[in-house]
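Student: Take 352 as the starting number for the sequence shown in our numbering and just add one per residue.
Virtual Cβ for every residue (Gly too), placed ideally from N, Cα, C.
These numbers were taken from a predicted model, which means no experiment stands behind them.
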Amino acid sequence: MNRWRFWLLTLGFDAFWALAVGLRERAELVLLAIALLALLCSSGGRWQVVSLMVLGVALDSLWLALDLFQFNGSHWLPLWMLALWLGFACWWRLLMVTLNLPLRWLIPLGAVGGPFSYFIGERLGAMALLHTPSLVYPLLACGWAIYLAITRWILAAKT
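1. In this structure, does DSSP put S485 in helix, strand or coil?
2. Just how far apart, CA to CA, sit V463 and L391?
3. Could you tell me the distance, in whole angstroms, from the CA atom of T483 to the CA atom of W427?
4. Enumerate in chain order the residues of its own chain whose CB-to-CB distance from G424 is below 7 Å, with the five nearest sequence positions on each side excluded.
5. Touching or not, the stretch 438 to 446 and the stretch 382 to 398, by the rule of three or more beta carbon pairs under 8 Å?
6. Work out the CA separation of A496 and R455 for me, nearest whole Å.
7. Taking the continuous alpha helix (DSSP H) assigned at L450, which residues delimit it?
8. If you measure from the CB of G438, is any heavy atom of the ligand NAP nearer than 8 Å?
9. On the CB-based measure, 16 or more other CB atoms within 10 Å of its CB, does G476 come out buried or exposed?
10. For L415, count neighbouring C-beta atoms within 10 Å of its own C-beta (all shown protein chains included) and say buried if the count is 16 or more, exposed if not.
11. In terms of residue numbering, what span does the alpha helix (DSSP H) encompassing E473 cover?
12. For the candidate residues S468, L460, D365, whose alpha-carbon lies nearest to that of D411?
13. Out of curiosity, what's the CA-to-CA distance linking R503 and A479?
14. Between the alpha carbons of G438 and A366, how many angstroms are there, rounded?
15. Helix, strand or coil for A371 per DSSP?
16. Take G407 as the anchor and find which of L433, L383, L417 has the nearest alpha-carbon.
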């Protein structure tokens with residue numbers, strides 16, 4: 352994949368994230384359509400993308416079960432968040448295939464990047480913390496560090 356296409360798709364995912372977190376329920380059908388289109392347009396590895404999504408949904412479901420945070424008063428993942436996980440999984444597979452980041456980068460990237468996205472989401476009103484940030488964000492950091500490490504293993508598996 353050429354560099355321009357990769358960066359355009361990365362900017363596209365950033366816009367998708369902003370749309371999901373900014374508009375949430377008001378755009379969930381559009382978000383779901385975009386995420387499904389991204390899955391259909393992905394070149395191979397669809398089972399990997401779905402695996403990454405399911406793992407991410409499981410991680411967020413764990414946080415909800417532990418009452419770390421909630422989305423708009425619900426104890427379930429909203430449809431817009433499911434679409435966001437599918438979009439992220441499509442983009443993350445593309446990123447890893449293109450850059451092949453080593454594990455020593457993935458763990459700190461997950462520990463910082465994952466909680467940061469939730470921090471921004473919380474500031475934009477997409478979710479509400481049910482415990483103190485000093486409890487929630489370190490747990491998110493551990494979860495995301497493990498999540499990104501596992502994604503490397505999933506993406507290394509052959510179809």
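Tutor: This is what the structure gives:
1. helix
2. 30 Å
3. Take the alpha-carbon of T483 and the one of W427: they are about 20 Å apart.
4. none
5. The stretch 438 to 446 makes contact with the stretch 382 to 398: 3 or more CB pairs, one atom from each, lie closer than 8 Å.
6. 10 Å
7. 430 to 450
8. For the structure depicted, the ligand NAP is absent and the ligand set is empty, with no information on it obtainable.
9. exposed
10. buried
11. 454 to 474
12. S468
13. 30 Å
14. 11 Å
15. helix
16. Distances from the CA of G407 to each of L433, L383, L417 were compared; the closest alpha carbon is that of L433.
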